[in-house]
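Structure first, commentary second.
Residue numbers (the working numbering): 698 to 871.
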């Protein structure tokens, strides 16, 4: 269009004919362009519907078995990528729903890990051992007739029991 304007005017009858040809070419270009965009928009809309259907499936993933949930999520993510692009307005809401599923699966895996965390289990076992040691010391002191030392050991055993209970709770809640 800029080149057309820069070319200047021709004779009146030639100028009108040239303008009509130029205008027809321009209309043809823009109608084809609109058709291409309409096809692309229709494809993107179909992709958005396919992703919504996939999200329904993803949101039903059972996190009771975190390994199976991760495998199912991986399958969903691969199909998600294969579907392709969606309209710009749909990107954020769809991605947010998928992220929520990913977070739920990750949280389930993290909870499983924390429940089976060897370090946490070792701490619980260590606390149990300390409680048993102090209880044994208290019994030994009572048997020896040392009430003060028995009371001290029992007090320490009680403190370690509280820590043991807290450690067991943290392992069970995870």
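Quick reminder that beta carbons are idealized off the backbone N, C-alpha and C, glycines included. Because the structure is a prediction, the values reported are computed rather than measured.
Presumed contact (8 angstroms Cβ cut-off) between residue i and residue j, rounded CB distance
i: residue 860; j: residue 824; result: 5 angstroms
i: residue 760; j: residue 833; result: With 8 angstroms as the limit, residue 760 and residue 833 do not qualify as a contact, their Cβ atoms being about 43 angstroms apart.
i: residue 755; j: residue 787; result: At roughly 16 angstroms, the Cβ-Cβ gap does not stay under 8 angstroms, so residue 755 and residue 787 are not in contact.
i: residue 802; j: residue 764; result: With 8 angstroms as the limit, residue 802 and residue 764 do not qualify as a contact, their Cβ atoms being about 10 angstroms apart.
i: residue 835; j: residue 851; result: 4 angstroms
i: residue 770; j: residue 798; result: 7 angstroms
i: residue 776; j: residue 751; result: 6 angstroms
i: residue 715; j: residue 748; result: Residue 715 to residue 748, Cβ: 49 angstroms. No contact.
DSSP three-state assignment for residue i, whether helix, strand or coil
i: residue 788; result: helix
i: residue 834; result: helix
i: residue 813; result: coil
i: residue 758; result: coil
i: residue 783; result: coil
i: residue 772; result: helix
i: residue 706; result: coil
i: residue 732; result: helix
i: residue 843; result: coil
Residues of its chain near residue i, where Cβ-Cβ distance is below 8 angstroms and the 5 sequence neighbours each way are ignored
i: residue 821; result: 861, 864, 865 and 868
i: residue 839; result: 847
i: residue 857; result: 824, 827, 828 and 831
Close-in-space but distant-in-sequence residues of the same chain around residue i (CB under 7 angstroms, 5 per side omitted)
i: residue 742; result: 784
i: residue 809; result: 763
i: residue 706; result: 712
i: residue 758; result: 766, 769, 770, 798 and 802
i: residue 815; result: none
i: residue 854; result: 828, 831, 832 and 835
Cutoff 8 angstroms: residue i Cβ touching any chain C Cβ
i: residue 729; result: The question asks about chain C, but that chain is absent: this structure has only one protein chain.
Proximal residues to residue i (C-beta, below 6 angstroms), its chain only, five neighbours per side dropped
i: residue 781; result: 744
i: residue 708; result: none
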